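Asker:
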Amino acid sequence: MGFTSVFAVVDPKKEAWTDAIFGQAAKMGLGWHWFYRWKPGKDDEAVKGSQFLYSRYKGCLGLSIGDENPEGELQELGKALTKVRQVLPDTLVYCAMRGKDMVPEYTHKPELYLEYVDRVVSEVQPDVLMYDQYPFYRGGTAGTFYQNLAIIREKALAAGVPYWNWLQGFAWTDGPFHEPSESEIRLQAYASLTYGFTGLSYWTYNSCYKPYSKSLLGPDGKPSGIGQSLAAMLPELKVLGEVLKNLKSTGIYYCASRIYREGQWLYTQPQGTVRWSEKADPRITNVKVSDGPHGFLMGFFKDADGREYLMLTNCNHAQNKNAMETLGVITVY
Numbered sequence: 039m040g041f042t043s044v045f046a047v048v049d050p051k052k053e054a055w056t057d058a059i060f061g062q063a064a065k066m067g068l069g070w071h072w073f074y075r076w077k078p079g080k081d082d083e084a085v086k087g088s089q090f091l092y093s094r095y096k097g098c099l100g101l102s103i104g105d106e107n108p109e110g111e112l113q114e115l116g117k118a119l120t121k122v123r124q125v126l127p128d129t130l131v132y133c134a135m136r137g138k139d140m141v142p143e144y145t146h147k148p149e150l151y152l153e154y155v156d157r158v159v160s161e162v163q164p165d166v167l168m169y170d171q172y173p174f175y176r177g178g179t180a181g182t183f184y185q186n187l188a189i190i191r192e193k194a195l196a197a198g199v200p201y202w203n204w205l206q207g208f209a210w211t212d213g214p215f216h217e218p219s220e221s222e223i224r225l226q227a228y229a230s231l232t233y234g235f236t237g238l239s240y241w242t243y244n245s246c247y248k249p250y251s252k253s254l255l256g257p258d259g260k261p262s263g264i265g266q267s268l269a270a271m272l273p274e275l276k277v278l279g280e281v282l283k284n285l286k287s288t289g290i291y292y293c294a295s296r297i298y299r300e301g302q303w304l305y306t307q308p309q310g311t312v313r314w315s316e317k318a319d320p321r322i323t324n325v326k327v328s329d330g331p332h333g334f335l336m337g338f339f340k341d342a343d344g345r346e347y348l349m350l351t352n353c354n355h356a357q358n359k360n361a362m363e364t365l366g367v368i369t370v371y
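Numbering (this note's numbering), first residue to last: 39 to 371.
1. Considering only DSSP beta bridges, list what CYS133 is partnered with.
2. Taking only three categories from DSSP, how would you classify VAL144?
3. Please classify GLY279: does DSSP put it in a helix, a strand, or coil?
4. Just to confirm, is the Cβ distance from TYR292 to PHE235 under 9 Å?
5. Measuring only the C-alpha atoms, how far is LYS121 from GLU106?
6. Among TYR95, LYS51, ALA54, which one has its Cα closest to the Cα of VAL44?
7. Measuring CA to CA, which of LYS340, GLN307, GLN266 is closest to LYS283?
8. List the whole-angstrom C-beta distance separating LEU254 from GLY265, where the pair is believed to meet the contact cut-off of C-beta under 8 Å.
9. So, helix, strand or coil for GLY87, using DSSP?
10. Check whether the stretch 154-162 and the stretch 110-125 are in contact - that is, three or more C-beta pairs closer than 8 Å.
11. Could you tell me the alpha carbon to alpha carbon distance between LEU278 and LEU285, rounded to whole angstroms?
12. Which residue or residues does DSSP assign as beta-bridge partners of HIS71?
13. Would you call the CB atoms of TRP390 and PRO108 closer than 9 Å?
14. Which partner residues does GLY237 have in the DSSP bridge list?
15. Can the beta-carbon of LEU268 be found less than 9 Å from the beta-carbon of TYR240?
16. Going by alpha carbons, who is nearest to LEU275 out of GLY259, SER230, GLN302?
17. Within the continuous beta strand (DSSP E) that includes GLY337, where are the two ends?
18. What is the residue span of the alpha helix (DSSP H) that THR116 lies within?
19. Within the continuous alpha helix (DSSP H) that includes GLN226, where are the two ends?
20. Can you name the start and end residues of the alpha helix (DSSP H) that TYR184 belongs to?
21. Could you please give the first and the last residue of the uninterrupted beta strand (DSSP E) stretch that includes LYS138?
22. Within the continuous beta strand (DSSP E) that includes THR369, where are the two ends?
23. By alpha-carbon positions, which one of GLU217, GLU153, THR323, ASN324 ends up nearest to SER245?
24. Decide yes or no for the touch test of the stretch 298-317 against the stretch 180-198: beta carbon pairs closer than 8 Å, at least 3 of them.
25. For THR242, which residues of its own chain have a beta-carbon under 8 Å away from its beta-carbon, when the five flanking residues on both sides are left out?
26. So, are the CB atoms of ASP165 and GLY100 less than 9 Å apart?
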C-alpha cells in the first residue's frame, strides 16, 4: 500500500512471527517499530524484547513501550522506558497515550486530561509524544477531535519533542466505531499534518480478531476499502512529509464556514479551535469559506532559516462520502 514503516505488537519469543513481520520489513528496506503492551512488573520483558529484536532485525526506528496506561502506572512506566533507553541509547523510546475521549472523566472534567498529558511528559519522559484517537463513531466525528490535536501539539512543542498519533483504520463489529470513509480518512491525516504532527500510524492492519470487522486488509489479504483510500493518499503524504518534517508549527487556526439555520447565518466553530483573525498574519487580510458545511484549517510553519509556510486543509467530511463529494472552497486575500 505504500507505507514507509511497520508497527507491530508481537511476542519476541515467537520467532516465526517476528521473522514474518520484522524480517520481511528488513528485506524490503522498511523501518519498523515494536509495540510492547507494558504492565507494572514487566520491565525485564520490555528490555530483553527490545534488545533481542534490535539485534536480530535491521531497521529499528522506535520502541513503543506501554499502551494507554492509567495515571497510577505512569511513574513505573517512566522507569521502564529509562531501562530500555539505557541499553539502546540511540533508539527512540516512547509510549502510546490515551486520547481525550477514551475516559469519560476527561470529558466531564477537561483539566484531568491536561494533567494526564503533563504527567506523561514529566514522569514518563517519552522521546516522542504519541496518542491514540479514533474519532469516527456512531456516524459522526468526536467533538474532541480538534481539541485533542491542539492539546498534544501545545504540550509537545512546550516539551521540545516530536508528536505523532495513531489514526483510525478500522471498524468494530458491534459498534460504536464505523468504517471511516475516504473523506474521513483524509480529514484525520491532513488535519494532523496541519497541526504539525510528523508521524502517522494506522490501527489496525488486520481484522481477524474481535472486536474488529474492518481494517486496512480484507479477509483475503488484499487492501480493504479503508486500505484503498490510504493507498491513494499515501503518495501525497510522502511528498508533504519531506517538507513538513523539517518545519516547526507556529500557529493553527480554523476558518469557519457559514450555515443558514432558523433564519440566520451561523458559523461552525469546532470545540478546541482558534478562529482565524487578521491578527494571525498581517499579510492575509481576509479569508472566506464559501462552500461546504465545515471550514478549513490554516497551519503556519517556519523552517530553520526562518522561512514561513502556510498549509490549508479542507475539513469537509462525512460518513460514506468520498473526497470528491466533500470538496470545499476557500478564498484567501
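All C-beta atoms, glycine included, are put in the ideal place defined by N, C-alpha and C. Note that this is a predicted model, so its numbers are computed, not measured.
Answerer: In this structure, then:
1. In the sequence shown, residue 133 corresponds to position 95, counting from 1. In the DSSP output, where bridge partners are listed per residue, CYS133 has LEU167.
2. Residue mapping note: residue 144 aligns to position 106 of the sequence shown, counting from 1. Here residue 144 turns out to be Tyr, not Val, going by the sequence shown. It is helical.
3. Taking the first residue of the sequence shown as 1, we reach residue 279 at position 241. Looking at GLY279 - three-state DSSP - the assignment turns out to be helix.
4. Position 254 of the sequence shown, counting from 1, holds the residue named residue 292. Position 197 of the sequence shown, counting from 1, holds the residue named residue 235. Not closer than 9 Å, so no.
5. Counted from its first residue, the sequence shown places residue 121 at position 83. Counted from its first residue, the sequence shown places residue 106 at position 68. Using only the alpha carbons, I get a separation of about 19 Å.
6. In the sequence shown, the residue the question calls residue 44 occupies position 6. It is TYR95 whose Cα lies nearest to the Cα of VAL44.
7. Working through the sequence shown from its first residue, we reach residue 283 at position 245. Here the closest residue by C-alpha is LYS340.
8. On the sequence shown, position 216 is the one that residue 254 refers to. On the sequence shown, position 227 is the one that residue 265 refers to. At roughly 4 Å, the Cβ-Cβ gap stays under 8 Å, so LEU254 and GLY265 are in contact.
9. Position 49 of the sequence shown, counting from 1, holds the residue named residue 87. Three-state result, GLY87: helix.
10. Touching, yes.
11. In the sequence shown, residue 278 corresponds to position 240, counting from 1. In the sequence shown, residue 285 corresponds to position 247, counting from 1. Their backbone Cα atoms lie some 11 Å apart in a straight line.
12. The sequence position of residue 71 within the sequence shown is 33, counting from 1. Answer is PHE45, GLY100, bridged to HIS71.
13. As displayed, the chain neither begins before 39 nor continues past 371, which places residue 390 out of reach and without an answer.
14. Translated into positions along the sequence shown, residue 237 becomes position 199. For GLY237, which the question treats as bridged, DSSP gives the partners TRP202.
15. On the sequence shown, position 230 is the one that residue 268 refers to. On the sequence shown, position 202 is the one that residue 240 refers to. Yes, they are a contact pair.
16. Taking the sequence shown and counting its residues from 1, the one referred to as residue 275 is at position 237. Per the Cα distances, SER230.
17. Taking the sequence shown and counting its residues from 1, one reaches residue 337 at position 299. Run containing GLY337: 334-340, per the beta strand (DSSP E) assignment.
18. Here residue 116 refers to the residue found at position 78 when the sequence shown is read from its first residue. Strictly speaking, residue 116 in this sequence is Gly, with Thr absent from that position. Looking at the DSSP string, the run of the alpha helix (DSSP H) that includes GLY116 is 112-125.
19. The residue you call residue 226 lines up with position 188 of the sequence shown. Per DSSP, GLN226 belongs to the alpha helix (DSSP H) from 220-232.
20. On the sequence shown, position 146 is the one that residue 184 refers to. 183-197 is the span of the alpha helix (DSSP H), which, as asked, contains TYR184.
21. Counting from 1 along the sequence shown, the entry for residue 138 is found at position 100. No residue range can be given for LYS138, since it is assigned to no beta strand (DSSP E) and is classified by DSSP as neither H nor E.
22. Locating residue 369 in the sequence shown gives position 331, counting from the first residue. It spans 367-370 - the beta strand (DSSP E) in which THR369 sits, taken as one unbroken run.
23. Numbered from 1 along the sequence shown, position 207 holds the residue referred to as residue 245. Out of GLU217, GLU153, THR323, ASN324, GLU217 has the C-alpha closest to the C-alpha of SER245.
24. They touch, by the three-pair rule.
25. Residue 242 sits at position 204 when you count from the first residue of the sequence shown. Cβ neighbours of THR242 beyond the five flanking positions: GLY207, PHE208, TYR250, SER253, LEU254.
26. Counting from 1 along the sequence shown, the entry for residue 165 is found at position 127. Counting from 1 along the sequence shown, the entry for residue 100 is found at position 62. Contact check for ASP165 against GLY100 passes: the beta carbons are separated by less than 9 Å.
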